[in-house]
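Have a look at the structure below before the remarks.
Number of protein chains: 2
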Amino acid sequence: MGPRWKGKGAEAKGLAEPMSEIVSALQTCLTTSECKGSISGSKVLFEADTEQSELLNRACFGRVIRASQKDEHWYELTLQEAFYLCYMLKCLKIEGDDGVVKSYEELWQFMISKFEMFPEFFKAYSHMRMNNWVVKSGSQYGVDYVAYRHHPALVHSEYAILVLSGRKDCGRLKLWSDMYGTVRLCGGVAKTLLVLHVLGNNNDTSSALCLSNYDIETRTISRWIPEQTREKKE
Amino acid sequence: MGPRWKGKGAEAKGLAEPMSEIVSALQTCLTTSECKGSISGSKVLFEADTEQSELLNRACFGRVIRASQKDEHWYELTLQEAFYLCYMLKCLKIEGDDGVVKSYEELWQFMISKFEMFPEFFKAYSHMRMNNWVVKSGSQYGVDYVAYRHHPALVHSEYAILVLSGRKDCGRLKLWSDMYGTVRLCGGVAKTLLVLHVLGNNNDTSSALCLSNYDIETRTISRWIPEQTREKKE
Chain A
1 MGPRWKGKGA EAKGLAEPMS EIVSALQTCL TTSECKGSIS GSKVLFEADT EQSELLNRAC
61 FGRVIRASQK DEHWYELTLQ EAFYLCYMLK CLKIEGDDGV VKSYEELWQF MISKFEMFPE
121 FFKAYSHMRM NNWVVKSGSQ YGVDYVAYRH HPALVHSEYA ILVLSGRKDC GRLKLWSDMY
181 GTVRLCGGVA KTLLVLHVLG NNNDTSSALC LSNYDIETRT ISRWIPEQTR EKKE
Chain B
1 MGPRWKGKGA EAKGLAEPMS EIVSALQTCL TTSECKGSIS GSKVLFEADT EQSELLNRAC
61 FGRVIRASQK DEHWYELTLQ EAFYLCYMLK CLKIEGDDGV VKSYEELWQF MISKFEMFPE
121 FFKAYSHMRM NNWVVKSGSQ YGVDYVAYRH HPALVHSEYA ILVLSGRKDC GRLKLWSDMY
181 GTVRLCGGVA KTLLVLHVLG NNNDTSSALC LSNYDIETRT ISRWIPEQTR EKKE
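Heads up: the protein sequence lines correspond to chains A and B, in order. Read in order, the letters of the first sequence correspond to residues 1 to 234 in the working numbering. Read in order, the letters of the second sequence correspond to residues 1 to 234 in the working numbering.
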């Protein structure tokens with residue numbers, strides 16, 4: 001299955017503006033303005049001006065939760081999105097309830113305290129993002145993420161992603177019935193099931209440095225249709 | 001979601017020949033001819049004459065594996081189908097490799113030796129069959145069974161069934177992502193997810209008598225579409 005662009009001109013528009021360039025522009029813009037987000041529960045909130053807001057939207061980070069005054073918008077970022085902007089792109093600082101900017105070390109501990117599997121899920125998220133895929137929640141389809149070749153306004157998501165960990169059993173795809181059902185669902189909504197198996201050398205997740213020790217094994221799982229591989233009848 | 005009949009006249013045909021009457025006719029026919037099936041691996045094989053074959057097909061038990069001589073057909077029955085015909089309808093005897101007819105007690109032990117969860121899965125199968133549903137494997141959709149209102153030639157299956165046990169964890173629907181994916185899949189193929197939770201008073205499965213001690217909790221799980229329940233806009 002290839003990409004399914006949304007309507008006429010969507011493919012040309014997507015190719016004319018590569019996602020890598022949009023994310024670079026966002027990185028430059030946020031770095032220049034020394035942006036700060038603040039933790040709120042299991043999300044990070046960020047007040048964006050018009051330019052920042054446009055770039056966040058085009059690069060598909062976060063979602064607008066309300067418009068504030070003077071053309072500013074409040075954005076809500078997931079933990080993965082916030083940590084990606086902060087730790088990988090170095091263009092966002094994040095402060096706690098006390099208004100003090102958190103160090104990478106403190107942030108890492110906070111992320112794990114909110115979500116035990118954060119190291120593996122973040123590794124998977126950043127692996128896809130670094131390869132210029134747009135990554136969003138896949139909960140609507142019972143998977144961890146969905147991945148888009150470009151902005152979801154231009155193209156349907158191509159991959160349904162499940163993250164498996166070598167450190168801790170995530171519980172998915174242990175049963176054939178779960179595997180069959182997941183593959184069938186993905187086929188039914190025209191996505192390919194992509195399993196990202198995140199494997200570490202050891203189980204030490206005490207610092208974000210562990211991210212560089214992870215290997216990712218990627219596998220797609222598809223239905224095999226015997227008729228397609230059979231010799232054609234005369 | 002109601003039944004989806006296959007084409008014109010299918011509903012009238014289905015209503016004119018209730019499944020209960022077809023199964024009764026099969027029961028009478030097999031009882032009269034003192035039928036015997038024989039165990040082969042995890043299946044039961046049965047050689048049917050023309051009348052038996054027609055009724056097996058109309059009642060949707062087993063599948064033809066090959067035609068034998070003189071209009072006879074070899075049928076392959078699943079363990080559930082064979083035990084249902086034998087123990088519930090008392091119209092089939094089953095013999096082992098030695099050619100000796102097995103007692104209910106021996107058969108029960110054999111079924112459990114082939115499939116540990118047989119008590120719960122058979123209870124679920126017979127519960128649906130007793131209520132005149134046609135029950136077939138749901139492995140194509142990653143579930144345990146699918147249930148049809150009438151013969152699959154006349155109507156699409158309405159329910160996708162998962163069997164959960166109170167005795168032993170079947171592993172399904174433990175994770176929200178599995179639940180979401182399964183419900184979404186069922187909706188996508190126009191079936192309702194039916195969860196049959198089979199609960200026993202104790203864990204004694206040493207004899208088929210335990211079947212009468214099981215309670216079945218039945219639940220359907222569906223997507224909730226908020227717009228449908230909202231007051232209409234003027």
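All C-beta atoms, glycine included, are put in the ideal place defined by N, C-alpha and C.
What whole-angstrom Cβ distance do residue i and residue j have, given they're in contact under 8 Å?
i: B/L77; j: B/V101; result: With 8 Å as the limit, B/L77 and B/V101 do not qualify as a contact, their Cβ atoms being about 16 Å apart.
i: A/L79; j: A/I94; result: 10 Å between Cβ atoms; not a contact.
i: B/R172; j: B/E158; result: Not a contact, Cβ separation roughly 20 Å.
i: A/V134; j: A/M19; result: 7 Å
i: A/P119; j: A/T205; result: 5 Å
i: A/I161; j: A/A124; result: 7 Å
i: A/E81; j: A/F61; result: 5 Å
i: A/L209; j: B/G181; result: With 8 Å as the limit, A/L209 and B/G181 do not qualify as a contact, their Cβ atoms being about 34 Å apart.
i: B/M128; j: B/S165; result: The Cβ separation is near 16 Å, so there is no contact.
i: A/Y87; j: A/Y104; result: 6 Å
i: A/R58; j: A/I112; result: Not really, about 31 Å apart at Cβ, beyond 8 Å.
i: A/L194; j: A/D215; result: Actually they do not touch by this definition, with Cβ atoms about 16 Å apart.
i: A/G142; j: B/S139; result: Incorrect: roughly 18 Å between the Cβ atoms, too far for contact.
i: B/L92; j: B/L56; result: The Cβ separation is near 10 Å, so there is no contact.
Note down, in chain order, every chain B residue with its Cβ under 9 Å from the Cβ of residue i.
i: A/V143; result: S177, Y180, G181
Have a look at the DSSP bridge pairing and note the partners of residue i.
i: B/H73; result: B/A48, B/A67
i: B/S33; result: According to DSSP, which records beta bridges pairwise, B/S33 is partnered with nothing at all.
i: B/T218; result: B/L196
i: B/I94; result: B/G37
i: A/Y145; result: A/S137, A/I161
i: A/V155; result: A/W5
i: A/K43; result: A/S40
i: B/V101; result: B/E95
Just reading off the beta strand (DSSP E) that residue i is part of, what are its end residues?
i: A/K136; result: 134-137
i: B/S254; result: Lying outside 1 to 234, the shown extent of chain B, residue 254 of chain B is not represented and no answer is given.
i: B/I225; result: Per DSSP, B/I225 belongs to no beta strand (DSSP E) and is neither H nor E.
So residue i is in the alpha helix (DSSP H); what residue range does that whole segment cover?
i: B/V183; result: 176-188
i: B/L123; result: Note on residue identity: the sequence assigns Lys, not Leu, to residue 123 of chain B. 118-130 is the extent of the alpha helix (DSSP H) around B/K123.
i: B/E81; result: 79-83
i: B/K168; result: First-last for B/K168: undefined, no H or E at that position.
i: B/A10; result: 10-16
Taking C-beta pairs closer than 8 Å, name the residues in chain A that residue i reaches, listed in chain order.
i: B/S139; result: W176, S177, Y180
So residue i contacts chain A; which residues on that side make the cut at Cβ distance below 9 Å?
i: B/G99; result: The contacting residues do not exist; B/G99 stays about 34 Å from chain A at best.
Using the beta-carbon of each residue, which ones in chain B are nearer than 7 Å to residue i?
i: A/R4; result: The contacting residues do not exist; A/R4 stays about 16 Å from chain B at best.
Determine the chain B residues that contact residue i at a beta-carbon separation under 8 Å, and present them in chain order.
i: A/R172; result: L175, S177, D178
Is residue i near the ligand ADP, with its Cβ less than 7 Å from a heavy atom?
i: A/H127; result: This structure lacks the ligand ADP, and indeed carries no ligand of any kind.
Could you list the residues in the segment 184-196 of chain A with a C-beta less than 8 Å from some C-beta on chain B, going in chain order?
Per Cβ criterion, the list reads R184, L185, G188, V189.
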